[in-house]
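Protein chains in written order, with my numbering: chain A, 180 to 492; chain B, 446 to 732.
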C-alpha cells in the first residue's frame, strides 16, 4: 500500500499494510455507529420514518419542521420546551460554574482534608443518572424526608419532585448541578495548579489581600479553565435530560428538548417502550436542538476567545 | 504531587500572617455546609437500607433499630438482581475490551502519521463531539440489522469512544519515534510492537480510557430503555428503575439495591480516582 509514510520501517511488501488493516475495524465501526448515524439525523428529519421494521419510509420535505414549530397546540408546547431548555441551561451553567469555582478556590488553599472534600464533591459524577436520581428521590421524600423535615422547620411544605411543574423543574436543576459540579471543580483545580506560586508570593509582597490575589492573579490566569468550563456547562446542560426521566418522568410543563426527542422517537413512558413512534419527527426535533446548541456554543466561543485575547494576549 | 508538596513546605516557611486563621475557619464552614448536600443523600440511602418498612414509614430520617442485611438479601432475590448484574458485567467487559483494543490500533498510526490523511482522520474524531445526536438513525440501523433487543446489538452501541482516541493519540505522541525505528530494525512486527511495547508504555492513558468507558457503560440507562425489551437482557441500571416502578414506595430494599449497584463504582473510584479525573480534565486546561 502506497499510503504508508516513508519513515515507516516495519515489515515490507504486503505486510506493510498492517497499520491500515488493523486500524480499519475501529475506524469503520466509528463511521458505522457514530458519524454515519449522526449525519443521517438530518436525512431522517425529512422523512416520516417510524420505529417499526419494514414499514416504507417516504420523503415529506419540511413537514416535520413545519409541524414542530407552527402547527397546533403541540407546537406551542414545543416552543415552551425550547424556552425551558434555555432556562435550564442558564441556571445550571451559572450556578454550577460559580459553585464549582467556589469549591476549587477553597480546596486549592492547602487546608487539611482537601483530599477528602475533593473526593466527596467529585463522587456523584461517576454514579450515573439511575443512582443519582434514586438517591435524590429518597432525599426529597415529601413526607418525612430530610429536606422536607428541614423545610418544615420554617413552616414550609412541598411535594418537591411531585409538586408544581415549576418546583419539580427547579429541583431537577439542583440535582443536575449536584451531579456535575465535581467536573467543573476538578477542571478549575487543574487550571489553578498551573499558576506558579511565585506570582502569589510577589503579589503578596506588594500587599495584595485574598480578594485582590483572586481578582488579579487567579482569575486572569485561569482563563483557559474558565472558558472550558463555560463551554462544557452550556453544551452539557442544553443536551441534558436524563435526570428528568429518572426524577419526574415526562410531565407537562417540565419537558426540555432532549427529552422531547426521546419521547417522540421512542415513546413516553420510561418503563414500557413500543417502537411505533415518530422517528422522522423526533429527528427534526433533534436537529432543532443541535442548531440551538451550535448557535449558543458559537456565540459563547466568540465571547470566550475575546476574553482569552484580553487576558493572555 | 511533588509540586504540591513543595508548595506546602513553602507555605510553612512563610512567616505566619495576621488574620490567617480566620479565613481558614471560614473555608471549613463553607466546605462543611456544601458537604451536607453530598453526605446527606448518601447517609439517607445508607440508613434507609437498614430499616424495616414500618420503621421507615414511622420515621424516615431516624436511625435504624438494628443493622441487619435483610433488605440486601431481599433486593438480591426479588428482582432478577444477579442476572441484571451479570448482564452489566458482560456488556461492560466485552464492549470495553473491544473498544480499547481497536482504539489503540486506530490511535497509533494516527499519532505517528503513518499514512496520508491521518491528520484529517484525527479531526474527524474531534468534530464528532460536536455532531448532532445519533439517537434516531442509530436505532434504525440496529433495527434493520436485526439486532434490536439482543446482547450483540446493545454491545455494538458502545464500541467507539472518540475522546478515548484523542487521549491515546496525545499519549502516544510522547513516546519517542526512535523506539519504532529500532524495534523495526530488530525485526519486530508491527502488531507485536504495538501490543507488546507501545501498550505498556502508554498504560496510564489506557487505564484512563478503560475506566471512563467502563463507567459510561455501567451507568447507561437510556440506551437500555430504547434497545432492550426482554428483561433477561437488562443491565442493572434498568433493573433498578424497573424495581422502582414495581416496588414504588418500598424504599428499604430499593435503597439496598442502589447501594449494591453503587459499591463497585465506589471501589473503582477510590482506587482509580487519578485516572478518572485526568481523563475528564484531559485537554481542558491546555485549552
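Quick reminder that beta carbons are idealized off the backbone N, C-alpha and C, glycines included.
In this text the structure is predicted, and so the values were computed from the model without any measurement.
Thinking residue i and residue j are a contact (beta carbons under 8 Å), I'd like their distance in whole angstroms, please.
| i | j | result |
| --- | --- | --- |
| residue 271 of chain A | residue 366 of chain A | Not confirmed; about 16 Å, so no contact. |
| residue 213 of chain A | residue 605 of chain B | 5 Å |
| residue 293 of chain A | residue 286 of chain A | 5 Å |
| residue 243 of chain A | residue 439 of chain A | About 13 Å separates the two Cβ atoms, so there is no contact after all. |
| residue 347 of chain A | residue 427 of chain A | 5 Å |
| residue 317 of chain A | residue 490 of chain B | 6 Å |
| residue 387 of chain A | residue 395 of chain A | 7 Å |
| residue 276 of chain A | residue 397 of chain A | Between residue 397 of chain A and residue 276 of chain A the Cβ distance is about 15 Å, and since that is not below 8 Å, they are no contact. |
| residue 680 of chain B | residue 690 of chain B | Contact doesn't hold; Cβ gap of about 16 Å is too wide. |
| residue 603 of chain B | residue 662 of chain B | 5 Å |
Kindly identify the DSSP beta-bridge partner or partners of residue i.
| i | result |
| --- | --- |
| residue 226 of chain A | A:238 |
| residue 457 of chain A | A:229 |
Measure the alpha-carbon distance for residue i versus residue j and round it to whole angstroms.
| i | j | result |
| --- | --- | --- |
| residue 200 of chain A | residue 674 of chain B | 36 Å |
| residue 584 of chain B | residue 672 of chain B | 8 Å |
| residue 281 of chain A | residue 550 of chain B | 41 Å |
| residue 693 of chain B | residue 279 of chain A | 34 Å |
| residue 308 of chain A | residue 664 of chain B | 7 Å |
| residue 235 of chain A | residue 553 of chain B | 43 Å |
| residue 390 of chain A | residue 383 of chain A | 11 Å |
| residue 709 of chain B | residue 246 of chain A | 46 Å |
| residue 486 of chain B | residue 190 of chain A | 58 Å |
| residue 449 of chain A | residue 424 of chain A | Reliability fails at residue 449 of chain A, whose pLDDT of 41 lies under 50, so the model's placement of it is uncertain and no value is given. |
| residue 696 of chain B | residue 528 of chain B | 21 Å |
| residue 545 of chain B | residue 349 of chain A | 39 Å |
| residue 686 of chain B | residue 465 of chain A | 25 Å |
| residue 327 of chain A | residue 333 of chain A | 10 Å |
| residue 506 of chain B | residue 515 of chain B | 19 Å |
| residue 487 of chain A | residue 569 of chain B | 26 Å |
| residue 353 of chain A | residue 422 of chain A | 11 Å |
| residue 290 of chain A | residue 500 of chain B | 40 Å |
| residue 542 of chain B | residue 268 of chain A | 35 Å |
| residue 474 of chain B | residue 666 of chain B | 36 Å |
| residue 682 of chain B | residue 530 of chain B | 9 Å |
| residue 413 of chain A | residue 456 of chain A | 30 Å |
| residue 548 of chain B | residue 701 of chain B | 37 Å |
| residue 579 of chain B | residue 216 of chain A | 5 Å |
| residue 261 of chain A | residue 538 of chain B | 38 Å |
| residue 351 of chain A | residue 598 of chain B | 32 Å |
| residue 472 of chain A | residue 641 of chain B | 43 Å |
| residue 513 of chain B | residue 301 of chain A | 30 Å |
| residue 241 of chain A | residue 315 of chain A | 41 Å |
| residue 712 of chain B | residue 313 of chain A | 20 Å |
| residue 248 of chain A | residue 437 of chain A | 16 Å |
| residue 496 of chain B | residue 324 of chain A | 14 Å |
| residue 469 of chain A | residue 415 of chain A | 12 Å |
| residue 644 of chain B | residue 322 of chain A | 54 Å |
| residue 452 of chain A | residue 446 of chain A | A caution first: residue 452 of chain A carries a pLDDT of 45, below 50, which makes its placement in the model unreliable, though a value can still be read off. Looking at the two C-alpha atoms, the distance is approximately 5 Å. |
| residue 628 of chain B | residue 393 of chain A | 51 Å |
| residue 418 of chain A | residue 443 of chain A | 16 Å |
I want to check one thing, is the minimum distance from the CB of residue i to the heavy atoms of the ligand GTP below 7 Å?
| i | result |
| --- | --- |
| residue 246 of chain A | The model on display carries no ligand, and the ligand GTP is accordingly not part of it. |
Worksheet item: Three or more beta-carbon pairs under 8 Å between the stretch 368-375 of chain A and the stretch 427-447 of chain A, yes or no?
Response: no
Item to complete: Mind the definition here: the stretch 194-202 of chain A touches the stretch 624-633 of chain B only if three or more C-beta pairs lie below 8 Å; say whether that holds.
Response: no
Worksheet item: Does the pairing of the stretch 649-663 of chain B with the stretch 713-724 of chain B give three or more beta-carbon distances under 8 Å?
Response: At 8 Å Cβ cutoff, the stretches touch.
Discussion item. By the 8 Å beta-carbon criterion, what residues does the stretch 196-216 of chain A contribute toward chain B?
Written reply: 197, 198, 199, 201, 202, 204, 205, 206, 208, 209, 211, 212, 213, 214, 215, 216
Practice prompt. Could you tell me whether the stretch 510-521 of chain B touches the stretch 696-710 of chain B, where touching means 3 or more Cβ pairs closer than 8 Å?
Written response: Contact between the stretch 510-521 of chain B and the stretch 696-710 of chain B is established, with three or more Cβ pairs separated by less than 8 Å.
Practice prompt. Using a Cβ-Cβ cut-off of less than 7 Å, give me the residues of the stretch 307-331 of chain A that come near chain B, in sequence order.
Written response: 307, 308, 309, 310, 313, 314, 315, 317, 318, 320, 323, 324, 325, 328
Worksheet item: Are the stretch 643-650 of chain B and the stretch 610-621 of chain B touching by the rule of at least three beta carbon pairs closer than 8 Å?
Response: A contact exists between the stretch 643-650 of chain B and the stretch 610-621 of chain B.
Item to complete: Can you give me, in chain order, the residues of the stretch 216-232 of chain A that have a beta carbon less than 8 Å from any beta carbon in chain B?
Response: Close to chain B, meaning a Cβ-Cβ distance shorter than 8 Å, are the following residues of the stretch 216-232 of chain A: 216, 217, 218, 219, 220, 221, 222, 223, 228, 230, 232.
Discussion item. If the cut-off is 7 Å on Cβ atoms, which residues from the stretch 452-471 of chain A count as contacting chain B, listed in chain order?
Written reply: 452, 458, 461, 462, 465, 466, 469
Worksheet item: Quick one, which residues of the stretch 409-423 of chain A are near chain B if we go by CB-CB under 7 Å, in chain order?
Response: With the criterion set as a beta carbon lying under 7 Å from some beta carbon of chain B, the members of the stretch 409-423 of chain A are 421, in sequence order.
Discussion item. So if I threshold CB-CB distances at 9 Å, which residues from the stretch 479-491 of chain B count as touching chain A?
Written reply: Of all residues in the stretch 479-491 of chain B, those with a C-beta nearer than 9 Å to a C-beta of chain A are 479, 480, 482, 483, 484, 485, 486, 487, 488, 489, 490, reading in chain order.
Discussion item. Beta carbons nearer than 9 Å to chain B: which residues of the stretch 433-444 of chain A have them?
Written reply: 437, 440, 441, 444
Item to complete: Return the residues of the stretch 677-688 of chain B that lie within a Cβ-Cβ distance of less than 7 Å from chain A, sorted by chain order.
Response: 682, 685, 686, 687
Fill in: Residues of the stretch 646-676 of chain B with Cβ closer than 8 Å to any Cβ of chain A, in chain order
Within the stretch 646-676 of chain B, the qualifying residues are 660, 663, 664, 665, 666, 667, 670, 671, 674.
Item to complete: Using a Cβ-Cβ cut-off of less than 8 Å, give me the residues of the stretch 327-360 of chain A that come near chain B, in sequence order.
Response: 328, 357
Worksheet entry | Where the stretch 562-578 of chain B meets chain A: residues whose CB sits under 8 Å from a CB there | Within the stretch 562-578 of chain B, those residues whose Cβ lies closer than 8 Å to any Cβ of chain A are, in chain order, 562, 566, 569, 570, 573, 575, 576, 577, 578.
Fill in: Contact set between the stretch 362-376 of chain A and chain B, restricted to residues whose Cβ is under 8 Å from the partner
362, 365, 366, 369, 370, 372, 373, 376
Item to complete: With 8 Å as the limit, tell me which residues of the stretch 239-255 of chain A have their beta carbon closer than that to any beta carbon of chain B; keep them in chain order.
Response: none
Worksheet item: Using a Cβ cut-off of 7 Å, which residues of the stretch 543-564 of chain B contact any Cβ in chain A, in chain order?
Response: Sequence-ordered contacts of the stretch 543-564 of chain B with chain A read 547, 548, 550, 551, 554, 558, 559, 560, 561 [C-beta pairs closer than 7 Å].
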